[in-house]
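Read top to bottom, the protein sequences are chains A and B. The opening position of the first sequence corresponds to residue 4 in this note's numbering, with each subsequent residue numbered one higher. The opening position of the second sequence corresponds to residue 33 in this note's numbering, with each subsequent residue numbered one higher. Every residue gets a Cβ at the ideal spot worked out from N, C-alpha and C, and that includes glycine. Below: the structure, in structure tokens.
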Amino acid sequence: MTKTLEQFKLLIVVGILILIGQQVGFGINAFQSIPGMIVVLLIAQLSLIIKGALPNLKFPAFAWATMISLLLSMPFMPTANWFLSTTGQVNFLGTTTPILAFAGISVGNKLGALKKMSWKIVIIAIFVFIGTFFGSAIIAQLVLKMQGII
Amino acid sequence: MANEKSMTKVLINAFITVLFIVIISELIGINKFAVGLGTVTLLPMLYAVIFGMLVTPGILGKVIAPLKKIVNDDVIEFAGSMVMMALLPLGVKYGTLVGPNIVKIIQAGPALLLQELGNIGTIFIAMPIALALGMKREAVGATVSICREPTLGVIGERYGINSPEGTGVLGTYMMGTVFGTIFFGLLGSLSLGTGIHPYALAMASGMGSGSMMTAASSSLAAAVSPEMADTVLAYAATSNMLTGVTGLYVVIFISIPLVNKLYSILEPKIGKKGGNI
Numbered sequence: 004m005t006k007t008l009e010q011f012k013l014l015i016v017v018g019i020l021i022l023i024g025q026q027v028g029f030g031i032n033a034f035q036s037i038p039g040m041i042v043v044l045l046i047a048q049l050s051l052i053i054k055g056a057l058p059n060l061k062f063p064a065f066a067w068a069t070m071i072s073l074l075l076s077m078p079f080m081p082t083a084n085w086f087l088s089t090t091g092q093v094n095f096l097g098t099t100t101p102i103l104a105f106a107g108i109s110v111g112n113k114l115g116a117l118k119k120m121s122w123k124i125v126i127i128a129i130f131v132f133i134g135t136f137f138g139s140a141i142i143a144q145l146v147l148k149m150q151g152i153i
Numbered sequence: 033m034a035n036e037k038s039m040t041k042v043l044i045n046a047f048i049t050v051l052f053i054v055i056i057s058e059l060i061g062i063n064k065f066a067v068g069l070g071t072v073t074l075l076p077m078l079y080a081v082i083f084g085m086l087v088t089p090g091i092l093g094k095v096i097a098p099l100k101k102i103v104n105d106d107v108i109e110f111a112g113s114m115v116m117m118a119l120l121p122l123g124v125k126y127g128t129l130v131g132p133n134i135v136k137i138i139q140a141g142p143a144l145l146l147q148e149l150g151n152i153g154t155i156f157i158a159m160p161i162a163l164a165l166g167m168k169r170e171a172v173g174a175t176v177s178i179c180r181e182p183t184l185g186v187i188g189e190r191y192g193i194n195s196p197e198g199t200g201v202l203g204t205y206m207m208g209t210v211f212g213t214i215f216f217g218l219l220g221s222l223s224l225g226t227g228i229h230p231y232a233l234a235m236a237s238g239m240g241s242g243s244m245m246t247a248a249s250s251s252l253a254a255a256v257s258p259e260m261a262d263t264v265l266a267y268a269a270t271s272n273m274l275t276g277v278t279g280l281y282v283v284i285f286i287s288i289p290l291v292n293k294l295y296s297i298l299e300p301k302i303g304k305k306g307g308n309i
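Given below as structure tokens:
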């Protein structure tokens with residue numbers, strides 16, 4: 004229970020950052036978006052609880068959050084309309100900026116280790132990124148064409 | 033972080049720092065400009081990751097002393113644990129994009145499943161280059177996959193994290209952690225210049241990293257027509273979830289055997305003598 008409260012405190016911090024960010028970036032009124040944010044944060048908390056309850060299943064809390072919210076928003080679900088309009092108060096791109104701000108700060112103590120590595124890893128990593136991305140993109144392109152979706 | 037009081041101080045420092053970064057990044061807003069064949073779409077998240085890196089003691093903290101007191105090592109460590117928390121509201125938003133499109137996504141199921149195998153593309157492209165640069169067994173770890181946490185775990189278990197393979201996997205992991213979102217934030221929109229359909233590029237964005245997928249798919253979605261944008265994000269999120277389920281098995285049963293096979297074939301041909309990273 005203490006752990007859950009501790010987590011929810013941090014989620015509220017994230018929620019406030021998103022509300023202010025989307026007010027600045029997209030002109031969405033922060034106070035009017037509070038109900039939507041509460042729903043989003045409750046699902047986020049639920050996904051942490053599920054992950055905590057199923058430690059052997061290597062499914063991240065992030066994926067649980069998507070899973071719960073996708074179930075609630077499927078077209079034939081009675082919750083769909085309410086859920087989509089409420090969470091619609093929270094802007095998609097608005098949620099991304101705080102994540103990357105935290106991510107940027109968190110790598111601050113890794114820059115030293117990176118400097119110690121050879122320049123070769125920089126080149127190789129770029130080709131790893133490109134190979135992973137376009138390998139999938141090419142297969143997806145072929146299969147989507149075959150299926151007549153694109 | 034010895035006591036409650038210092039923990040609160042860390043939380044407040046991190047909050048203020050991130051709040052400043054978020055406000056400045058959102059004020060700059062979305063910028064698009066043409067580069068060669070494509071368009072680069074710069075989203076606020078991209079500025080945020082760069083500002084985040086800049087305020088740490090290793091960069092601006094070195095020059096501006098008070099900054100070092102605000103963004104100290106405790107704050108950096110705390111920020112790392114906050115990334116996971118901050119990803120959750122985004123996870124919920126992705127669900128609201130996938131749910132309404134669920135029929136469309138099931139129809140695209142074959143493409144979504146098969147493209148998971150495309151992630152092994154890294155082996156064929158990056159391995160020859162690693163060997164040509166003089167890497168030895170490090171190349172096995174560095175090029176086996178995009179080297180997120182599950183791969184790090186598998187390679188660490190099999191070869192030991194202090195082995196050459198372990199050094200390689202750590203190298204790509206670190207590069208991805210530090211530069212992955214910036215790289216994919218640029219590639220997401222720029223990749224449209226290849227002529228590959230946005231839906232295929234969207235599926236490719238899901239590589240097992242929530243933040244890389246977000247960087248790639250959001251910049252892609254901002255560059256395509258609004259009617260396509262939601263489907264792009266929905267495909268990307270689904271693909272990323274699938275990688276979360278299948279990724280580890282692909283690495284164990286396909287990528288590791290394949291990367292070793294390719295190493296044994298290519299190393300005698302293009303490997304240099306005595307190379308090391």
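DSSP-derived helix/strand/coil call for residue i
i: A/T98; result: helix
i: A/K61; result: coil
i: B/G307; result: For B/G307, the pLDDT reaches just 49, beneath the cut-off of 50, and the residue's location in the model is therefore unreliable, leaving the point undetermined.
i: B/V70; result: It should be noted that the sequence gives Gly, not Val, for residue 70 of chain B. Strand, per DSSP.
i: B/R190; result: helix
i: B/I288; result: helix
i: A/G91; result: coil
i: B/P76; result: helix
i: A/I153; result: coil
i: B/A140; result: coil
i: B/T88; result: coil
i: B/G238; result: coil
i: B/S250; result: helix
i: A/F79; result: coil
i: B/I157; result: helix
i: B/I297; result: helix
i: A/S212; result: Since the first residue of chain A shown is 4 and the last is 153, residue 212 of chain A is not available in this structure.
i: B/I178; result: coil
i: B/S243; result: helix
i: B/I96; result: coil
i: A/S109; result: helix
Residue i: first and last residue of the uninterrupted beta strand (DSSP E) it sits in
i: B/L224; result: First-last for B/L224: undefined, no H or E at that position.
Buried versus exposed call for residue i [16 or more other C-beta atoms within 10 Å across all chains shown]
i: B/I309; result: Summary for B/I309: the model assigns pLDDT 49, below 50, so the residue's position carries little reliability, and this model does not support an answer.
i: A/W67; result: buried
i: B/V135; result: exposed
i: A/F180; result: Within the shown structure, residues of chain A are numbered from 4 to 153, placing residue 180 of chain A beyond reach of any answer.
i: B/E36; result: exposed
i: B/Y281; result: exposed
i: A/Q150; result: exposed
i: B/A97; result: exposed
i: A/G134; result: buried
i: A/A56; result: exposed
i: A/V131; result: buried
i: B/V67; result: exposed
i: B/N194; result: exposed
i: B/I152; result: buried
i: B/F215; result: buried
i: B/R190; result: exposed
i: A/S116; result: The displayed chain sequence assigns Ala, not Ser, to residue 116 of chain A. Label assigned to A/A116: exposed.
i: A/F136; result: buried
Cβ-Cβ distance between residue i and residue j below 8 Å
i: A/T90; j: B/V124; result: yes
i: A/A143; j: B/Q139; result: no
i: B/T128; j: A/L87; result: yes
i: A/M120; j: B/G131; result: no
i: B/I60; j: B/P76; result: yes
i: A/L96; j: B/V54; result: no
i: B/A254; j: B/T73; result: yes
i: B/G212; j: B/M260; result: no
i: A/T7; j: A/I37; result: no
i: B/M167; j: A/K123; result: yes
i: B/T154; j: B/T183; result: no
i: A/F105; j: B/G84; result: yes
i: A/T99; j: B/T246; result: yes
i: B/T49; j: B/V103; result: yes
i: A/L147; j: B/A143; result: yes
i: A/I31; j: A/N112; result: no
Delimiting residues of the alpha helix (DSSP H) encompassing residue i
i: B/K64; result: B/K64 -> not in any alpha helix (DSSP H); beta strand (DSSP E) instead, spanning N63 to V67.
i: A/V125; result: W122 to Q150
i: B/L165; result: Note, B/L165: premise wrong, no alpha helix (DSSP H); not H, not E.
i: B/T49; result: E36 to I60
i: B/G173; result: E170 to T175
i: B/G314; result: Since the first residue of chain B shown is 33 and the last is 309, residue 314 of chain B is not available in this structure.
i: B/S271; result: P258 to V282
i: A/K113; result: Per DSSP, A/K113 belongs to no alpha helix (DSSP H) and is neither H nor E.
**OP:** Write down every uninterrupted run of the alpha helix (DSSP H) in the stretch 5-53 of chain A whose length is 4 residues or greater and which is fully enclosed by it, in chain order.
**Re:** 5-29
Subject >> Whole runs of the alpha helix (DSSP H) within the stretch 100-135 of chain B, excluding any shorter than 4 residues >> reply: 105-130
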